[in-house]
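Below is one structure, written out as structure tokens; the observations come after it.
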Amino acid sequence: MQRKYSIYYDSGTSNSRIYVLDSREEVVYRKKAAVGSKDSAIAGSNRVLIEGLKGLYDAALEELGLQEEDIGEIYASGMVTSPYGLKEVPHMILPVTAKTFADHIVRFYEGTCFQRELCLIPGLKTADQDISGVNNMRGEEMEILGTLDSVGKMCGDQDAALIFPGSHTHVTCVNGNDIKGIVSNFTGELFHALKTGTILSPVLDVNVGESGLNPAEVKRGVENLKKMGFNRAIYICHAMRLFQYGTPEDRFSYAEGVINGGVRESLEYYCREFWHDCHTAVVVSEEFMFRLFQIIFEDSKLIRQVLWLPISPQKSYAVEGLKKILACRKEM
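For the sequence shown, counting from 1, position 57 maps to 163 in the numbering used here; every step adds exactly one.
Quick look at the structure:
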């Protein structure tokens with residue numbers, strides 16, 4: 107009897123998701139658990155991660171009424187290929203295509219809990235002798251792969267910069283099925299650190315809603331970042347609160363301009379120096395982050411338009427990326 111189902115793990119630093127795909131590659135089950143490579147790092151052993159992933163696996167089979175023999179291959183990407191994952195796997199070096207992913211899958215026999223072979227999908231990195239030019243990702247590459255068809259419809263045969271806001275905001279230059287380059291930024295974690303560990307906590311602990319950003323203050327933050335550098339620009343945010351300048355929403359907007367304005371600085375640098383044909387940014391996010399980056403890039407001479415590719419709980423771009431890999435494997 108032919109095996110019908112495939113398993114896919116999208117495993118990050120703090121959380122892991124499991125997807126079960128049927129023979130038509132449709133998602134029939136998904137679930138998330140608060141376990142990731144961070145837990146392995148803290149414990150000094152990856153056993154906690156393996157057990158967490160196996161727990162998701164067992165729950166999926168039980169809820170779907172499946173047996174072990176019903177499962178074909180198990181794929182995993184993200185932090186599972188890091189030193190604190192299941193097995194450390196070297197990054198693939200850009201540029202790459204979907205076929206590159208298919209060619210570089212690493213088969214790993216996990217004998218502790220699964221007692222079967224897993225297919226590990228490596229992350230990506232840029233090759234540069236100067237450390238200032240090194241960028242890397244583990245996990246986001248699958249989402250990028252999964253967005254390429256949609257980006258192609260939006261941008262045609264033009265280069266585009268995909269912006270994935272997050273703990274580390276990665277910006278990736280793509281064209282068609284080619285992933286050409288990466289520039290990585292420290293954003294979400296910086297925001298969290300400033301919010302939880304500094305005097306700016308009251309400024310950043312504000313819920314502005316979808317339309318609560320003040321564009322003028324976002325732009326002021328971007329401009330001050332460019333003129334004065336990060337340290338002075340973010341201090342001005344403290345002065346705004348101390349002397350009650352503007353509303354809480356104004357101060358929050360200014361801070362977002364400073365923190366995420368660095369993404370504009372780095373992307374414009376790459377467009378000037380390396381990605382000469384890239385003039386479009388596509389933000390893959392919820393509406394708030396799209397609106398923020400739309401404001402940040404509004405007067406850019408290099409990025410001439412900012413487009414939006416919405417995310418949705420009902421659709422996983424990482425799963426779409428896996429489907430592209432599976433299609434390439436069928437052709438091999």
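Positions of the beta carbon are idealized from the N, C-alpha and C atoms, including for glycine.
Quick check on DSSP: helix, strand or coil for ARG326? The DSSP-derived three-state label of ARG326 is helix.
For MET107, collect the residues of the same chain with a Cβ closer than 7 Å to its Cβ; drop the 5 residues on either side in sequence, then sort them by chain order. Low confidence applies here, because MET107 scores a pLDDT of 45, under 50, leaving its location unreliable and the question unanswered by this model.
What is the C-beta distance between GLY171 and TYR111, in whole angstroms, given that I count them as a contact (C-beta under 8 Å)? So it is not a contact: roughly 11 Å between Cβ atoms.
Pick out whichever of LYS436, VAL154, ILE250 and VAL133 has its Cα sitting closest to the Cα of ASN121. It is VAL154 whose Cα lies nearest to the Cα of ASN121.
Mind listing, in chain order, the continuous beta strand (DSSP E) runs of no fewer than 3 residues lying wholly within the segment 229-295? Counting whole runs of 3 or more residues, the segment 229-295 contains the beta strand (DSSP E) stretches 265-270, 274-281 and 284-292.
Identify which residue in ALA208, VAL195, GLY229 and LEU200 has its Cα closest to the Cα of PHE214. Closest by C-alpha distance to PHE214, out of ALA208, VAL195, GLY229 and LEU200, is VAL195.
What are the boundary residues of the alpha helix (DSSP H) that includes CYS343? Segment 336-348, the alpha helix (DSSP H) holding CYS343.
Using the three-state DSSP reduction, which class does GLN400 fall into: helix, strand or coil? Under the three-state reduction of DSSP, GLN400 is assigned to helix.
Where the beta strand (DSSP E) containing VAL309 begins and where it ends: Unbroken run through VAL309 is the alpha helix (DSSP H), 307-310; no beta strand (DSSP E).
Where do the N-terminal and C-terminal ends of the alpha helix (DSSP H) with LYS144 fall, by residue? For LYS144, the enclosing alpha helix (DSSP H) stretches over residues 143-149.
Can you grab the Cα-Cα spacing for the pair GLU323 / LEU306, in whole Å? Looking at the two C-alpha atoms, the distance is approximately 16 Å.
One or two residues paired with LYS138 in a DSSP bridge: Per DSSP, the beta bridge partners of LYS138 are ARG123.
Could you check whether GLY327 and GLU362 sit closer than 8 Å to each other, using their CB atoms as the reference points? In contact: GLU362 and GLY327 (Cβ atoms closer than 8 Å).
According to DSSP, simplified to helix, strand and coil, what is LYS430? Under the three-state reduction of DSSP output, LYS430 falls in the helix class.
Could you check which residue in SER256, TYR125, ILE156 and GLU374 has the C-alpha nearest to that of LEU413? For the residues SER256, TYR125, ILE156 and GLU374, the minimum Cα distance to LEU413 belongs to SER256.
With DSSP as the reference, label GLY297 as helix, strand or coil. Reading off the sequence shown, one finds Phe at residue 297, where the question assumed Gly. Helix, per DSSP.
MET198 and GLY245 look like a contact to me (Cβ under 8 Å); what is the Cβ gap, rounded to whole Å? Incorrect: roughly 13 Å between the Cβ atoms, too far for contact.
ALA139 versus GLY262: straight-line alpha-carbon distance, rounded: Pairing ALA139 with GLY262, the inter-Cα distance amounts to about 38 Å.
In chain order, what residues of the same chain lie with their CB nearer than 7 Å to the CB of HIS391, ignoring the 5 residues before and after it? With the sequence shown as reference, residue 391 is identified as Ser, and His is not the correct amino acid for it. Closer than 7 Å at Cβ, skipping near neighbours: PRO271 and ILE417.
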